[in-house]
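Everything below concerns the one structure shown next.
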Amino acid sequence: MDNVQAIFLDMDGTILQENNKVSDETAEVIKKLRQVGYKVFIATGRSFDEIKNLTPEGFEIDGVISSNGTRGDAEGKMIFEHSLTYEAVQQIIKEAKDQQIYYEVFPFSGKRMILNEDYDWITKMVEGDTPPNNVGISEWNSRKSALDGNVNWVDEIPETKFSKIYMFTPDLEKITAFREHLIDEKETLSISVSNSSRYNAETMAAGIDKGTGIKEMIEHFNIPQSATLVIGDSDNDRSMFAFGHYTVAMKNARPEIQALAKDVTSYDNEENGAARYLEEHFLK
Numbered sequence: 003m004d005n006v007q008a009i010f011l012d013m014d015g016t017i018l019q020e021n022n023k024v025s026d027e028t029a030e031v032i033k034k035l036r037q038v039g040y041k042v043f044i045a046t047g048r049s050f051d052e053i054k055n056l057t058p059e060g061f062e063i064d065g066v067i068s069s070n071g072t073r074g075d076a077e078g079k080m081i082f083e084h085s086l087t088y089e090a091v092q093q094i095i096k097e098a099k100d101q102q103i104y105y106e107v108f109p110f111s112g113k114r115m116i117l118n119e120d121y122d123w124i125t126k127m128v129e130g131d132t133p134p135n136n137v138g139i140s141e142w143n144s145r146k147s148a149l150d151g152n153v154n155w156v157d158e159i160p161e162t163k164f165s166k167i168y169m170f171t172p173d174l175e176k177i178t179a180f181r182e183h184l185i186d187e188k189e190t191l192s193i194s195v196s197n198s199s200r201y202n203a204e205t206m207a208a209g210i211d212k213g214t215g216i217k218e219m220i221e222h223f224n225i226p227q228s229a230t231l232v233i234g235d236s237d238n239d240r241s242m243f244a245f246g247h248y249t250v251a252m253k254n255a256r257p258e259i260q261a262l263a264k265d266v267t268s269y270d271n272e273e274n275g276a277a278r279y280l281e282e283h284f285l286k
C-alpha cells in the first residue's frame, strides 16, 4: 500500500461509535495521517449538515462525500451535487406514507423534512429508549435525535433540490419488500436504491452512490484510482468497495460485506478499529 494517497472512511459502523460520535482517538489518527501527507475523506450516507454534530471540536478532513454520493464538498465549497427529481420525491413519500414507513427527506442544506400530517404515527414509531426487534442502537438513536429538533415539520414538501430520502421501519419483512419495490421502480423514478442496515432504505438520483462520489472527488484532486483506500462496513459501502483500489471491511461488518474487501480490521468500530488499522499500516 505504499502508493496510497487518498483514504475514504465510512461513518456509521466504521468511525462512529454507538453514541454516534467520532472518538478523539480516531480524530487524532486522522490528524496525523494528514500531517504526513495523506488526504483523508469521509464517504457517508449521512447528510453534510449532520457531520459537524458527530465529530470532535477541531476535526478536519480534506473532503466529504455525503448522502451516499449525491453531494461532494472540499476546499470550503460544494464541488458536485446530484438531485432527485421532485416527481420522484413526491411519489416515494406517497408510497412510504401508504405503508406507514418512516421517512425523512433531505435537502442539500438545512434540516430534513417530514410532513406535519404524519406527525402522530411517525413519532409513535420511535417511542422508547430500547430499539425493537434487532434494530441497531445507533440507528434507533439517530431517529430519536432527528425528531428531537433536527427535522422541519412542513405542511408540504417544497419544490427544491433533494439529496436523498431515508426510510425506516422496525418491521424487517415490510422494509425488505418496500426496498425491493423501490428497486423495481428505479428506471421509472430515475433513482438509485441503497441501505445502511437491514431496517432502512435510501433513494438517491439514478446512477449515484458512494463509488461515483469517490470517483468525482479524486478527479477533483487529480488522484489516481489506484491510490485509493476505502474502509466501510455495510451494504451502502458495496459501491465503495467496488471502486476503491485497496478495500478494508470492519470487523463488525457482516460476513458477506467482509467478503467484498481485501482486508478486515482486527478491531470493531467500538474499539476504534479503523483508526487502529490506519495507524498500524501508515503511521508506524
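Numbering (my numbering), first residue to last: 3 to 286.
Ideal Cβ positions, reconstructed from N, Cα and C, are used throughout, including at glycine.
Please read these numbers as outputs of a predicted model, since none were measured by experiment.
Residue state for VAL137 is assigned as coil, using DSSP reduced to three classes. For SER25, same chain residues with a beta-carbon under 7 Å away, outside a window of 5 residues either side, are GLN19, ASN274 in chain order. By a beta-carbon distance limit of 8 Å, ALA98 does not contact MET206. Their separation comes to about 15 Å. Between GLU106 and ILE116 the beta-carbon gap is near 6 Å, inside 8 Å, which marks them as a contact. For VAL153, the closest alpha carbon among the candidates ASN238, ILE124, ILE233, VAL266 is that of ILE124.
The segment 211-219 and the segment 174-191 do not touch, with fewer than three beta-carbon pairs separated by less than 8 Å.
The segment 153-167 and the segment 100-114 touch, with no fewer than 3 CB-CB distances between them shorter than 8 Å. Straight through space, the alpha carbons of ARG145 and GLN93 are spaced by roughly 22 Å. The straight-line gap separating the alpha-carbon atoms of ARG114 and SER147 is approximately 12 Å. 8 Å or more divides the Cβ of TYR248 from the Cβ of LEU262. Comparing alpha carbon positions, the residue from GLU218, GLU189, ASP237, ASP186 closest to SER199 is ASP237.
When C-alpha distances from GLU272 are compared across GLU187, LYS23, ARG73, the shortest belongs to LYS23. Of the candidates TYR279, THR132, PHE10, ASP4, the residue whose Cα lies closest to the Cα of ILE216 is PHE10. If the five residues before and after ILE95 are omitted, its C-beta is found closer than 8 Å to the C-beta atoms of TYR105, VAL107, LEU117, ILE159, ILE167, all from its own chain and listed in chain order.
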